[in-house]
Amino acid sequence: MKLKITCLLFISLLFICFTHVLAQPLSKKTVFTHADTLRGSNGPGRNWWDVTKYDLHVKFNIEDSTISGFNNIAFKVLNSGEKIQVDLQEPLLIDSIYLSYSITKGTGRSEKIEKFTREGNAYFIRDMHLDRGTHGVLTVYYHGKPTIAVRPPWDGGLIWTKDKSNSPWVSIACQGLGASVWYPCKDIQSDEPDSAEMHITCPDTLVCVGNGRLRGKIINGDGTATYDWAVVNPINNYCIIPYIGKYVHFGEIFKGEKGDLTMDYWVLDSNLDKAKKQFQDAPRMMKTFEYWFGPYPFYEDGYKLVDAPHLGMEHQSATAYGNGYQNGYHGTDLSGSGWGLKWDFIIVHESGHEWFGNNITSKDLADMWIHESFTNYSETLFTEYYYGKAAADAYVIGTRKRIVNDVPIIAPYGVNKEGSGDMYYKGGNMLHTIRQAINNDDLFRNILRGLNKIFYYQTVTTKQIENYISTQSKIDFSKVFDQYLRTTQIPVLEYKQNGYQLQYRYTNCVAGFKLPLKIIFKGQRWIKPSEVWQTLNLYPEGDNTFSVDPNFYINTKKVD
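Under my numbering, the first residue of the sequence shown carries the number 1, and numbering increases by one thereafter.
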């Protein structure tokens, strides 16, 4: 960095990328294609079979940036169907497909699929005629030079780079883009494998780190080694990620709500000393989020932070870390309050996704607010746990300047599109506002913990989350969700003031919007505005200055 202004511009660009590329704003003129529908919908090639396991075998050829291997896709038939859709993104190619299946225990069939067709990034096996209850395995062989990430993790794909010692460093970032950028799979969020294995072959001078537990390492005798990693819990396709590099390991045991949790840290050998200091935020994070959200969801697979050649991602049980061993977001406080420099943004935010994103997953990419809004708010909850409620309020309110209100947070369904990047800061402020309206932090905490218990290991819709919050709080927040998730309008409380008389109503809102508000008017009190003018009369004595509690994300306007 030559000048201070260059640093500031770089940080600004990083922020813009994080908030507006990871959650790409959807143009109002977007035209969706047949390919979008194939990628994003649970169509006839997907809706009748359920993936139960991925058993992935891949060799990474660092010399020419190619990969090759196969994926055993175990599945069960839910209803009769005729075609199976397997996704693999160009320029990767499927070489061959084999099908083995059994109808009853002790009987089975195995065959090579002689004919399959391709429509862009989707391959179809037709005339299947498998009966309900059938269990099968598709073995898909493939090879090629996969898409290379231009600006990971926002513009995803394979990352072939080198560390400071000029040693190879390889990984992948593919949220939104899809796991089919590097392996054949059923690439839709609504169907997670119940478990997964990765058998990754790489140069034997390097180490491969993956999700879950290391089950073994084989020295192949040809200059390569194969690392076997496995998770025993359901996992998102895009979270199954290997990291290959000059890794070293250290770890600790966290005494958590479900007993001993292994917390492992895999870092480049040159970063070991820095990591031992910076990663002290990891157990602090775990203590906070187990308090607010309930037990870490993946005790059986453990928790890991892994040095990554990009900023960070919520890869389940193997969180990618690339924040430069500094507090804040690349050293800056996104809230401008100062509190964001007290902790490492990537450790806190990306780990928060273990609860919201990995444990609870949206069925459709359009509902990604379920991942990002709750995880954004986890930053506020972390701040509150260690630094108090005033600090947390300052943090979340400070992030409002990042809100754009360009397009709605929820995007069109069935086409693999995310909505506005406002799912981060606007979504977090929506949850903060809902918390104020509930006005009972014990109940709010129980709702957060209840979400992670009721929807444990599930893929969900927005309506399921909305209904749970409204039911548990005994407050109908349906119009609040409509307002903040489905429009770009921020409610305005219009008010008139005449001495001890206050008149008020909501404008710029959806029909039926009724958010209770805490106000200051001759003391602190609650009002329940609607779109109809209401009047509050109080005795004239005392200060009649009017304001709305700033923790509510609304605008105010005094009218004559």
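Each residue gets a CB set at the ideal place from its N, CA and C atoms; glycine is no exception.
Three-state secondary structure assigned by DSSP to residue i
i      : result
Ala225 : strand
Met430 : helix
Tyr265 : strand
Ala511 : coil
Val86  : strand
Pro550 : coil
Ser12  : At Ser12, the pLDDT of 40 sits below 50, so the modelled position is not reliable and the matter cannot be decided from this model.
Lys557 : strand
Gly419 : coil
Tyr386 : helix
Ala179 : helix
Ile235 : coil
Ala437 : helix
Gln24  : The predicted position of Gln24 is uncertain, since its pLDDT is 39 and thus under 50; no value can be drawn from it.
Tyr329 : strand
Gly81  : strand
Leu334 : coil
C-alpha gap between residue i and residue j, whole angstroms
i      : j      : result
Tyr553 : Asp393 : 12 Å
Asn323 : Met128 : 48 Å
Thr262 : Glu197 : 19 Å
Gln458 : Val150 : 32 Å
Phe481 : Ile434 : 9 Å
Ser12  : Gly336 : Model confidence at Ser12 stands at a pLDDT of 40, short of 50, so the residue's coordinates are unreliable and nothing is read from them.
Gln501 : Thr535 : 7 Å
Thr117 : Phe124 : 5 Å
Phe521 : Asn498 : 12 Å
Val248 : Asp307 : 10 Å
Asp228 : Thr201 : 9 Å
Gly223 : Glu82  : 44 Å
Leu451 : Ile465 : 8 Å
Phe279 : Ile397 : 27 Å
Pro412 : Trp49  : 24 Å
Ser547 : Ile519 : 6 Å
Glu119 : Ala35  : 8 Å
Ile84  : Pro44  : 8 Å
Phe75  : Asp264 : 31 Å
Glu290 : Gly256 : 8 Å
Thr30  : Ser420 : 13 Å
Asn551 : Gly427 : 14 Å
Met368 : Tyr377 : 14 Å
Leu138 : Gly302 : 29 Å
His315 : Phe345 : 16 Å
Ser27  : Asn327 : Because Ser27 carries a pLDDT of 46, less than 50, the predicted location of this residue cannot be relied on, and the following value inherits that uncertainty. Taking the straight line from one Cα to the other gives about 34 Å.
Per DSSP, cross-strand counterpart(s) of residue i
i      : result
Ile244 : Val170 and Cys208
Val150 : BP columns for Val150 are empty, so no partner.
Ala122 : Asp87 and Glu119
Asn72  : Asp55 and Thr139
Met313 : Ala320
Val306 : Trp266 and Ala320
Phe254 : Leu261
Phe356 : Ile360
N- and C-terminal bounds of the beta strand (DSSP E) containing residue i
i      : result
Lys276 : No beta strand (DSSP E) contains Lys276, which is instead part of the alpha helix (DSSP H) from Leu272 to Gln278.
Met198 : Ser195 to Pro203
Leu214 : Arg213 to Ile219
Ser96  : Leu93 to Ser102
Arg118 : Thr117 to Glu119
His135 : His135 to Gly144
Tyr54  : Trp49 to Asn61
Arg109 : Arg109 to Lys112
Lys162 : Gly157 to Lys162
Thr361 : Ile360 to Ser362
Pro320 : Residue 320 is actually Ala in this sequence, not Pro. Run containing Ala320: Thr319 to Tyr321, per the beta strand (DSSP E) assignment.
First and last residue of the uninterrupted alpha helix (DSSP H) at residue i
i      : result
Ile347 : Phe345 to Gly352
Arg39  : His34 to Gly40
Tyr291 : Asp281 to Phe293
Arg449 : Asp441 to Ile454
Near the ligand ZN: residue i beta-carbon under 6 Å from a heavy atom
i      : result
Lys401 : Annotation note on the ligand ZN: not contained in the displayed structure, which lists no ligands.
Query raised in the report: Going along the chain, which unbroken runs of the beta strand (DSSP E) with 3 or more residues stay wholly within the stretch 457-539?
Result: 458-460, 492-498, 501-507, 517-520, 524-527 and 534-537
Query - Start-end ranges of the alpha helix (DSSP H) lying completely within the stretch 366-410, minimum 4 residues - result: The stretch 366-410 contains, as complete alpha helix (DSSP H) runs of 4+ residues, the segments 369-387 and 389-398 (chain order).
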